[in-house]
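Number of protein chains: 2
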Amino acid sequence: MAKMAVVGAGLVGSLWARMLGNRGHEVVVYERRPDPRLGPLHGGRSINLALSDRGWKALEVAGVSDLVREIALPIRGRRMHAVDGTRTFQPYGLDGQCIYSVSRAGLNRILVEAAEAMPNVRFEFDHRCQGYTKHDDGVTLHLEHQGQPLDVEVDRIFGTDGAFSAVRGRMMRNDRFDFEQRYLPHGYKEVPMLPGADGSFQMEEDGLHIWPRGTFMLMALPNPDKTFTCTLFGPYEGEDGLNHLTTDDAVQAFFEKHFPDVIPLLPNLLKDWNTHPVSSLVMTRCFPWNDGNRVALMGDSAHAIVPFYGQGMNSGMEDCTVLDALLEEDDDWDRIMAQYTTVRKPAGDAILELALQNYIEMRDLTGDPRFLQQKKLEARLQKKHPERWLPLYSQVTFSHTPYHEALANGRQQQRAMESVMADAEKWNHFEDDRWMEAALSALDQLQSATT
Amino acid sequence: MAKMAVVGAGLVGSLWARMLGNRGHEVVVYERRPDPRLGPLHGGRSINLALSDRGWKALEVAGVSDLVREIALPIRGRRMHAVDGTRTFQPYGLDGQCIYSVSRAGLNRILVEAAEAMPNVRFEFDHRCQGYTKHDDGVTLHLEHQGQPLDVEVDRIFGTDGAFSAVRGRMMRNDRFDFEQRYLPHGYKEVPMLPGADGSFQMEEDGLHIWPRGTFMLMALPNPDKTFTCTLFGPYEGEDGLNHLTTDDAVQAFFEKHFPDVIPLLPNLLKDWNTHPVSSLVMTRCFPWNDGNRVALMGDSAHAIVPFYGQGMNSGMEDCTVLDALLEEDDDWDRIMAQYTTVRKPAGDAILELALQNYIEMRDLTGDPRFLQQKKLEARLQKKHPERWLPLYSQVTFSHTPYHEALANGRQQQRAMESVMADAEKWNHFEDDRWMEAALSALDQLQSATT
Chain W
1 MAKMAVVGAG LVGSLWARML GNRGHEVVVY ERRPDPRLGP LHGGRSINLA
51 LSDRGWKALE VAGVSDLVRE IALPIRGRRM HAVDGTRTFQ PYGLDGQCIY
101 SVSRAGLNRI LVEAAEAMPN VRFEFDHRCQ GYTKHDDGVT LHLEHQGQPL
151 DVEVDRIFGT DGAFSAVRGR MMRNDRFDFE QRYLPHGYKE VPMLPGADGS
201 FQMEEDGLHI WPRGTFMLMA LPNPDKTFTC TLFGPYEGED GLNHLTTDDA
251 VQAFFEKHFP DVIPLLPNLL KDWNTHPVSS LVMTRCFPWN DGNRVALMGD
301 SAHAIVPFYG QGMNSGMEDC TVLDALLEED DDWDRIMAQY TTVRKPAGDA
351 ILELALQNYI EMRDLTGDPR FLQQKKLEAR LQKKHPERWL PLYSQVTFSH
401 TPYHEALANG RQQQRAMESV MADAEKWNHF EDDRWMEAAL SALDQLQSAT
451 T
Chain E
1001 MAKMAVVGAG LVGSLWARML GNRGHEVVVY ERRPDPRLGP LHGGRSINLA
1051 LSDRGWKALE VAGVSDLVRE IALPIRGRRM HAVDGTRTFQ PYGLDGQCIY
1101 SVSRAGLNRI LVEAAEAMPN VRFEFDHRCQ GYTKHDDGVT LHLEHQGQPL
1151 DVEVDRIFGT DGAFSAVRGR MMRNDRFDFE QRYLPHGYKE VPMLPGADGS
1201 FQMEEDGLHI WPRGTFMLMA LPNPDKTFTC TLFGPYEGED GLNHLTTDDA
1251 VQAFFEKHFP DVIPLLPNLL KDWNTHPVSS LVMTRCFPWN DGNRVALMGD
1301 SAHAIVPFYG QGMNSGMEDC TVLDALLEED DDWDRIMAQY TTVRKPAGDA
1351 ILELALQNYI EMRDLTGDPR FLQQKKLEAR LQKKHPERWL PLYSQVTFSH
1401 TPYHEALANG RQQQRAMESV MADAEKWNHF EDDRWMEAAL SALDQLQSAT
1451 T
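As given, the protein sequences belong to chains W and E, one line each in that order. The numbering of the first sequence is this note's numbering, which starts it at 1 and goes up by one. The numbering of the second sequence is this note's numbering, which starts it at 1001 and goes up by one.
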């Protein structure tokens, strides 16, 4: 079988190494950081992640889903906190449909060990990628190890080295390679919420808690150790901006004004605030995702997105599922690599767009009564006509519909809902269900107009 | 005075070195290529360039415009060639308003020598920039010379090293630095048109010749040695795409079909076609253009654009004029550098947009009778009411109005012209001039609505 180099031993890289290993290839994973099992996580990366159906499918393909289930905490929906203390629950999907909170470090350990357990997969940590050179018989991967250059000859390279990918950095020098890195004018800071005095969770552990406040929001996602990871997302600039939350007084006043119900749950807020960094939010896009038949980008190296749809990891894992399926169908690497870009590039662009939209939804619309009403109506519509109405969130989170198709469907659904919600006198949504047929036929019309 | 490093000895770098030299700074220009005066130009760069008012102003500020006038060939307007041989002349501006064709190599030589003639300016060729490190007292510029690393300590660095700038490559690693590189799906190939048998120009030398053909076009710009540089711009893909013009038969048939009047003027077409490369067309955008008070990007390193407005060099030279004026007004480098980004970033975005639009105008609209009629009407309007109507092309080419203001003005003018041209029965544009007042008042209304 072929010699494969995977650059980056993060979630996508180690998962992909396992899939390549399953296919019998000889795989070496080169990672610039030390072995993550030897110490704490490096860099300002989020502590926990939301795993949903696309991720689970990839884990199943790789044969590691059972191991991951042991560390996954089910999350049934959003739990919204208004300033006045009012709380609202909004389920993510139908009964039993959940997303799962997992620890990045725990998941990474499982994936590295599942790959490393194979006789044909090896990990080399402390190896920094410095680029590559394609030639007729293969590709030379240029590495640096302990300050010394090291070249290795392989058949293919898979760049899974994240938003600031060195593999992509080399591709950027290719003629006609498009690239964009764009930062949100917003950043974030994480602080932990410890268990209560009795050792248990301080809030419902089945929800992603959100304090929507217009231009900024607080979020909390539970961990199996009964803590929550709380994250404030907000603009750098402006009166309530992160750049101004730099003194104890300012932070205390900000939380008292906007998140009064959280203050008793965060006794160490000021200390934690001062010791945790503000992190930025970057998006990247590029094209193509392959360099001929020799190199491909997967995960954040191809499409880094903002975290608001919980799809960053899931979309990267879906890259693995899709590329693995192409390997199953074909053995011509020219076709496989070109097809990979063709299939996945529109999906990557779409989830980038969806994730941006969801930031506005989470921080602003989840505090809007009309938006919440629409979500309730859509949930009723889905329950009554599950075959005709799958809400956008469910398409993204609980289906394997390509993201760009989900995005297009979602836009049509939004227009269909607007058409029945616009005239409140005509449609008494909570008295009878006549509006449902109107919404469904509006959707049918929109769909038939585009196909 | 301060120690200044300029990275890149191209047109913008050598001009800026001269301006810094004029202000008494100690300047060293580091260029990765050999001295351009020792051999032919490197890389697939255009042979000649159009110099217009913004460029001339910068040359005047630097005190080198008289030297450049000696090598500049005036171009009065566009000379369009239809497939059937019909030819149309469209002046660029009022009588006496011209753009100027200059040789890149000749202009670069003048600028390097004008800078080098100063006792406080030095050039170091064969020095490749590898990045920089800011520190409290200045900034270390990391270079490579003859395979060896070389660090130099300076007060400021100016990155004038082009579309693939190494200085910007280092800035890209800064948190919250936005960057985009995007290629057109079109490329170009240059072929020379030699003088005729009598040693003179084969076409009128006062025009930029255009063969507009919808999705592609041929262009020819005269040189002082009686040659023209002919450039085919077109898509890579498709029936008439550059990717298919790879055999003598295909090239011959393509020129016979689309540019029959050129064939007798290009006896060496097939040989030249085969020996000249296809070059791609890249655009770059980034933000910010400065790294604190230590580093700034100028010219293509900050804003590489497509060549269709003839403003690539002119916009880079205008960066020099603007930054030089900031140096005249202020001596606080925090303010100077921040202000430079604030003032020039919107201008860079606008000229990128304008240059893209002009590609469509040149290759498609210049063959459209309605478009040509509008241009004639605008020229008449300008002649009669010069204080109230300055066509967009003139604002960009013959004024110093910031590009983003020109872009906004141009959009309003377009809407005003559409409002009077829409109703041909009401306005008999060629019988009387009543439409002029209507167009002017439509423009006034649009302008007052936005101010």
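Glycine included, each C-beta is placed from N, C-alpha and C at the ideal position. None of these values were measured; they are calculated from a predicted model.
Within-9 Å CB hit, residue i to chain W
| i | result |
| --- | --- |
| ASP1454/E | Summary: the structure shown does not reach residue 1454/E, with chain E confined to residues 1001 through 1451, and so no result is reported for it. |
Supposed close pair residue i, residue j - CB separation, criterion 8 Å
| i | j | result |
| --- | --- | --- |
| LEU297/W | ARG168/W | 6 Å |
| LEU67/W | VAL191/W | With 8 Å as the limit, LEU67/W and VAL191/W do not qualify as a contact, their Cβ atoms being about 30 Å apart. |
| VAL203/W | PHE233/W | The sequence given here has Met at residue 203/W, not Val. Wrong, their Cβ atoms sit about 18 Å apart, outside the cutoff. |
| GLN1130/E | GLU1153/E | No, GLN1130/E and GLU1153/E are not in contact; Cβ-Cβ is about 15 Å, not under 8 Å. |
| ALA1050/E | ILE1075/E | 7 Å |
| PHE1254/E | ASP1240/E | 6 Å |
is_contact[residue i, chain E] using C-beta, thresh 9 Å
| i | result |
| --- | --- |
| ARG18/W | no |
| MET171/W | no |
| PHE233/W | no |
| PHE164/W | yes |
Contact list for residue i against chain E, beta-carbon separation under 7 Å
| i | result |
| --- | --- |
| SER280/W | ASP1175 and ARG1176 |
Interface residues of chain W facing residue i [CB-CB closer than 7 Å]
| i | result |
| --- | --- |
| TYR1183/E | ARG176 and ASP178 |
Neighbourhood of residue i by C-beta, 6 Å cutoff - its chain only, sequence neighbours within 5 removed
| i | result |
| --- | --- |
| VAL1295/E | ILE1157 |
| GLY85/W | ASP261 |
| PHE398/W | ASP53, GLY93 and GLN97 |
| ASP1248/E | LEU1270 |
| ARG1078/E | GLN1090, LEU1208 and ILE1210 |
| ALA163/W | VAL282, THR284, ASP300 and ALA304 |
Neighbourhood of residue i by C-beta, 7 Å cutoff - its chain only, sequence neighbours within 5 removed
| i | result |
| --- | --- |
| MET1362/E | ILE1210, PRO1212, MET1217 and PHE1308 |
| GLY1187/E | TYR1236, LEU1242, VAL1278, SER1279, SER1280 and LEU1281 |
| LYS226/W | PRO195, GLY199, SER200 and PHE201 |
| ASP1155/E | ALA1002, LYS1003, MET1004 and GLY1138 |
| LEU1446/E | GLN1412, ARG1415 and ALA1416 |
| ASP324/W | MET19 and VAL61 |
Contacts around residue i, its chain only, beta-carbon distance under 8 Å, and the 5 residues preceding and following it disregarded
| i | result |
| --- | --- |
| LEU1365/E | PRO1212 and PHE1371 |
| LEU327/W | ARG23 and ILE336 |
| GLU1378/E | TRP1389, PRO1391, GLN1413 and MET1417 |
| GLY1055/E | MET1313, ASN1314, MET1317 and GLU1318 |
| LYS383/W | LEU94 |
| ALA1442/E | ARG1415, ALA1416, SER1419 and VAL1420 |
| THR275/W | none |
Within-9 Å CB hit, residue i to chain C
| i | result |
| --- | --- |
| THR215/W | Here chain C cannot be found, since the structure's protein chains are W and E. |
Hey, which unbroken runs of the alpha helix (DSSP H) at 4 residues or more fall wholly within the segment 1084 to 1161 of chain E?
-> 1104 to 1116
Could you pull out every unbroken alpha helix (DSSP H) segment of at least 4 residues lying fully inside the segment 1358 to 1424 of chain E, listed in chain order?
-> 1369 to 1384, 1392 to 1397 and 1403 to 1421
Going along the chain, which unbroken runs of the alpha helix (DSSP H) with 4 or more residues stay wholly within the segment 1231 to 1313 of chain E?
-> 1248 to 1258, 1269 to 1275 and 1300 to 1303
Which parts of the segment 1006 to 1076 of chain E are runs of the alpha helix (DSSP H), unbroken and 4 residues or longer, counting only runs that do not cross its ends?
-> 1011 to 1022, 1053 to 1062 and 1065 to 1069
Identify every run of the beta strand (DSSP E) within the segment 1161 to 1223 of chain E, keeping only runs that are complete inside it and at least 3 residues long; order them along the chain.
-> 1178 to 1193, 1207 to 1212 and 1217 to 1222
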